[in-house]
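Protein chains: 2
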Amino acid sequence: MAMPEVVTITDVALRDGLQNHPHTVPTDVKLDLLARLLAAGVTTLEAGSFVHPGLVPQMADADDIFSRLPTAPEASLMALVPNLRGAERALAAGVKSVRIVLSCSEGHSRANTNRSVSEGIAETRAVVEKLREAGDVRLTGALATVFVCPFDGIVPVEQVDRVVGALVDMGLNDISLSDTLGKADPAHVEKVVTAMQDRYPDITFGLHLHNTYGMGLANVLAGLRQGIAQFDAALGGIGGCPFAPGAAGNIATEDVVFMLQSMGIETGIDMVALSLAAADLQRALGTPLDSAVSRALGWAA
Amino acid sequence: MAMPEVVTITDVALRDGLQNHPHTVPTDVKLDLLARLLAAGVTTLEAGSFVHPGLVPQMADADDIFSRLPTAPEASLMALVPNLRGAERALAAGVKSVRIVLSCSEGHSRANTNRSVSEGIAETRAVVEKLREAGDVRLTGALATVFVCPFDGIVPVEQVDRVVGALVDMGLNDISLSDTLGKADPAHVEKVVTAMQDRYPDITFGLHLHNTYGMGLANVLAGLRQGIAQFDAALGGIGGCPFAPGAAGNIATEDVVFMLQSMGIETGIDMVALSLAAADLQRALGTPLDSAVSRALGWAA
Numbered sequence: 291m292a293m294p295e296v297v298t299i300t301d302v303a304l305r306d307g308l309q310n311h312p313h314t315v316p317t318d319v320k321l322d323l324l325a326r327l328l329a330a331g332v333t334t335l336e337a338g339s340f341v342h343p344g345l346v347p348q349m350a351d352a353d354d355i356f357s358r359l360p361t362a363p364e365a366s367l368m369a370l371v372p373n374l375r376g377a378e379r380a381l382a383a384g385v386k387s388v389r390i391v392l393s394c395s396e397g398h399s400r401a402n403t404n405r406s407v408s409e410g411i412a413e414t415r416a417v418v419e420k421l422r423e424a425g426d427v428r429l430t431g432a433l434a435t436v437f438v439c440p441f442d443g444i445v446p447v448e449q450v451d452r453v454v455g456a457l458v459d460m461g462l463n464d465i466s467l468s469d470t471l472g473k474a475d476p477a478h479v480e481k482v483v484t485a486m487q488d489r490y491p492d493i494t495f496g497l498h499l500h501n502t503y504g505m506g507l508a509n510v511l512a513g514l515r516q517g518i519a520q521f522d523a524a525l526g527g528i529g530g531c532p533f534a535p536g537a538a539g540n541i542a543t544e545d546v547v548f549m550l551q552s553m554g555i556e557t558g559i560d561m562v563a564l565s566l567a568a569a570d571l572q573r574a575l576g577t578p579l580d581s582a583v584s585r586a587l588g589w590a591a
Numbered sequence: 291m292a293m294p295e296v297v298t299i300t301d302v303a304l305r306d307g308l309q310n311h312p313h314t315v316p317t318d319v320k321l322d323l324l325a326r327l328l329a330a331g332v333t334t335l336e337a338g339s340f341v342h343p344g345l346v347p348q349m350a351d352a353d354d355i356f357s358r359l360p361t362a363p364e365a366s367l368m369a370l371v372p373n374l375r376g377a378e379r380a381l382a383a384g385v386k387s388v389r390i391v392l393s394c395s396e397g398h399s400r401a402n403t404n405r406s407v408s409e410g411i412a413e414t415r416a417v418v419e420k421l422r423e424a425g426d427v428r429l430t431g432a433l434a435t436v437f438v439c440p441f442d443g444i445v446p447v448e449q450v451d452r453v454v455g456a457l458v459d460m461g462l463n464d465i466s467l468s469d470t471l472g473k474a475d476p477a478h479v480e481k482v483v484t485a486m487q488d489r490y491p492d493i494t495f496g497l498h499l500h501n502t503y504g505m506g507l508a509n510v511l512a513g514l515r516q517g518i519a520q521f522d523a524a525l526g527g528i529g530g531c532p533f534a535p536g537a538a539g540n541i542a543t544e545d546v547v548f549m550l551q552s553m554g555i556e557t558g559i560d561m562v563a564l565s566l567a568a569a570d571l572q573r574a575l576g577t578p579l580d581s582a583v584s585r586a587l588g589w590a591a
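In the order they appear, the protein sequences are chains G and Y.
My numbering puts the first sequence at residues 291 to 591.
My numbering puts the second sequence at residues 291 to 591.
#1: Within the region 489 to 556 of chain G, note down every full alpha helix (DSSP H) run reaching 4 residues or more, in order along the chain.
#2: Hey, how far is the Cα of residue 593(G) from the Cα of residue 388(Y)?
#3: Just confirm the distance between the C-beta atoms of residue 346(G) and residue 390(G), as a whole number of angstroms; I'd bet it's less than 8 Å.
#4: Comparing the CB of residue 361(Y) with every heavy atom of the ligand ATP, is any distance shorter than 7 Å?
#5: In the DSSP output, which residue or residues are listed as bridge partners for residue 635(Y)?
#6: Contact defined as beta carbons within less than 8 Å: I believe residue 431(G) pairs with residue 477(Y). What is the distance between those atoms, to the nearest angstrom?
#7: Quick one: what's residue 451(G) bridged to in DSSP?
#8: Using only CA atoms, which one of 364(Y), 306(Y), 358(Y), 343(Y) lies nearest to residue 332(Y)?
#9: Taking all protein chains shown into account, decide if residue 500(G) is buried (16 or more other Cβ within 10 angstroms of its Cβ) or exposed.
#10: Between which two residues does the beta strand (DSSP E) carrying residue 314(G) extend?
#11: Taking DSSP as the reference, what is the three-state secondary structure of residue 333(G)?
#12: Can we say the region 540 to 551 of chain Y touches the region 510 to 528 of chain Y, given the rule of at least three CB pairs closer than 8 Å?
#13: Would a C-beta distance cut-off of 8 Å place residue 372(G) and residue 407(G) closer than the cut-off?
#14: Is the shortest distance between the beta-carbon of residue 570(Y) and the beta-carbons of chain G less than 8 Å?
#15: Examine chain G for any beta-carbon lying closer than 8 Å to the beta-carbon of residue 437(Y), and answer yes or no.
#16: Does the beta carbon of residue 552(Y) come closer than 8 Å to any beta carbon on chain G?
#17: Can you tell me where the alpha helix (DSSP H) holding residue 411(Y) begins and where it ends?
#18: Between which residues of its own chain and residue 300(Y) is the CB-CB distance below 6 Å, once the five residues before and five after are set aside?
#19: What does DSSP give as the partner residues of residue 434(Y) in its beta bridges?
#20: Could one say the Cβ of residue 526(Y) lies closer than 8 Å to chain G's Cβ atoms, at least one of them?
#21: Does DSSP put residue 459(G) in a helix, in a strand, or in coil?
#22: Where does the unbroken alpha helix (DSSP H) through residue 570(G) begin, and where does it stop?
#23: Using 8 Å as the cut-off, can you tell me whether the region 443 to 450 of chain G makes contact with the region 481 to 500 of chain G, which would need three or more C-beta pairs spanning the two stretches below that distance?
#24: What are the boundary residues of the beta strand (DSSP E) that includes residue 357(G)?
#25: Under 8 Å, Cβ to Cβ, is there at least one residue of chain Y near residue 560(G)?
#26: Counting Cβ pairs closer than 8 Å, one from the region 566 to 585 of chain Y and one from the region 308 to 327 of chain Y, do we hit at least three?
#27: Checking contacts by CB at 8 Å: is residue 488(Y) closer than that to chain G?
#28: Can you tell me where the alpha helix (DSSP H) holding residue 584(Y) begins and where it ends?
#29: Which residue's Cα is closest to the Cα of residue 592(G): 297(Y), 586(Y), 440(Y), 382(Y)?
#30: Quick check on residue 549(Y) - is its C-beta less than 8 Å from some C-beta in chain G?
#31: Residue 574(G): which of 507(G), 306(G), 318(G) sits nearest, CA to CA?
#32: At a Cβ threshold of 8 Å, is residue 476(Y) touching chain G?
#33: Which residues in chain G sit within 9 Å of residue 327(Y), going by Cβ to Cβ distance?
#34: Sort 492(Y), 384(Y), 487(Y) by Cα distance to residue 425(Y) and report the nearest one.
#35: Within its chain, find whatever has a CB closer than 6 Å to the CB of residue 368(Y); leave out the 5 residues flanking it on each side and keep chain order.
#36: Consider the Cβ of residue 353(G): report whether some Cβ of chain Y lies at a distance smaller than 8 Å.
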């Protein structure tokens, strides 16, 4: 089984996880969780999102979060930026790593950002220019509804190609492909990943997977076999998109790390330290975590 | 992705699922569940186990179950038989399809059947002879602790080979390899399956997987890639072994079917009819089902 020997996990609990939670977690609690995740060896994180605070109040403290980030020179603490206003806020907060977000399907693009895919690409171009002018901001891409759209159904590879192509044109070379709904199966993942790798051999692709139908780790395996070495996951398996009806939580960081470690693949993440982060998260949410490992190892007790 | 086009799912909810449930489900309810599963297109089932009724009271009605089985000429309604006494009871109940059970590890063999692996092989030889004398009983094998033992840790491939070899010697050619604990990862599954297929090219191997650490469907994918076309699964993801501390439920039939159907692999099982069986099961157990599909599609409501 040809596999990457080292895999980077991007924890998205603080963004994708908390953005859909019924109540807003206080900023101090988020920063404590972030410190716990860093202490566990997680070096790449989504720490918040500069979406409209009226639409996603759970992320309204992004400015505050990024102004108060701990010093972690080895870590990439990413902010999600969906539009020009978000880019301005991110720069004002001193953000050094930005994930640009675009939907591949018209239905989700409209529901999520009230614009067409073409309009999204055009605004993203302006966002990238603005961030580039600011100098030292690292830019990566995150594509939603790469596989299935809650409104449009299965997304043709050509639509994914169009959006990937636009980001590559803008000079981005690290792009995460998201199964927003958790409805992609391993054959579908393989098909789209292969197509993108064939068309863009110089681009590093990652996968962002949800576990709605339990296929999350099977899709990780499908990705590993294609040489994918970057996966998003959320501590405790929390999350879901407020504008993607039917989506359930992200694949759980602890489940992915457990499987990768079992397979002898290095993640740099310590399970014991991760359990401390999980305990904090569970306390913050007031509900048991949604991951197999949290149940098996008693974290969810 | 080279894959089997058709896969057989053996539903083990009535045996592996219910044997570990805290209360005993009435025989009539079990037979109704069985009828529902057959109506959904499940053609291979474990309907009960002829274990000692004092040790596993949930299976004490096996004699009654098999005496009252519905006429289902296309279906294989299997009984688990762990020993000679069980074989006698199975024959008296008119069982036509028997799954022989053996552990690959000493610790589990002792805990599960109070005998060594060698003693298990010797008794199994007598069981097979007795069942063969009876004439028209179909015999298949089911091996426990093929990957990890709750007492002995990782099980060397040589130990698996020894037990598989013994069953092949006895003339069995259909053998299910069980990850009793749900602790095998996809690389481990691939390694053991490859070794067994290389050594026994004429034997049909199946996989029996648990989802303790969430790796169940990833392991199904690993098996599919090796050409495995027979998987055990339990409706509602119920189950666990009373003599395997730390094990959680089987992979859920509905989760496996959902993934396979998404991948274009035929199972012959209808999801809508399966949901009726799931509703009955949930009513019988009085607890929500433990599967991703039951949560995503609202069966577990």
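Built from N, CA and C at the ideal position, the CB exists for glycine as well.
The short version:
#1: 506 to 515, 543 to 552
#2: Shown here, chain G extends from 291 to 591; a query on residue 593(G) therefore has no answer.
#3: 17 Å between Cβ atoms; not a contact.
#4: Of ligands this structure carries none, so the ligand ATP is not represented either.
#5: This structure cannot speak to residue 635(Y), because chain Y is shown only from 291 to 591.
#6: Not quite, the Cβ-Cβ distance comes to about 30 Å (not below 8 Å), so this is no contact.
#7: In the DSSP output, where bridge partners are listed per residue, residue 451(G) has none listed.
#8: Cα-wise, what sits closest to residue 332(Y) is 364(Y).
#9: buried
#10: Taken as a continuous stretch (DSSP letters only), residue 314(G) belongs to no beta strand (DSSP E), as it is neither H nor E.
#11: The answer is coil: DSSP assigns residue 333(G) none of H, G, I, E or B.
#12: Yes, they touch.
#13: no
#14: no
#15: No, because no Cβ of chain G sits closer than 8 Å to the Cβ of residue 437(Y).
#16: yes
#17: 407 to 423
#18: Answer for residue 300(Y): 334, 522, listed in chain order.
#19: Bridge partners of residue 434(Y) according to DSSP: 393(Y).
#20: no
#21: Secondary structure of residue 459(G) (DSSP, three-state): helix.
#22: Run containing residue 570(G): 561 to 575, per the alpha helix (DSSP H) assignment.
#23: Touching, per the Cβ criterion.
#24: Segment 352 to 357 is the alpha helix (DSSP H) holding residue 357(G); no beta strand (DSSP E) there.
#25: no
#26: yes
#27: no
#28: Secondary structure note for residue 584(Y): its alpha helix (DSSP H) is the uninterrupted segment 582 to 586.
#29: There is no way to answer for residue 592(G), as the model of chain G reaches only from 291 to 591.
#30: yes
#31: 318(G)
#32: Taking a beta-carbon distance threshold of 8 Å, residue 476(Y) counts as an interface residue toward chain G.
#33: Within 9 Å Cβ-Cβ: nothing; residue 327(Y) doesn't reach chain G, min ~20 Å.
#34: 384(Y)
#35: 336, 387, 389
#36: no
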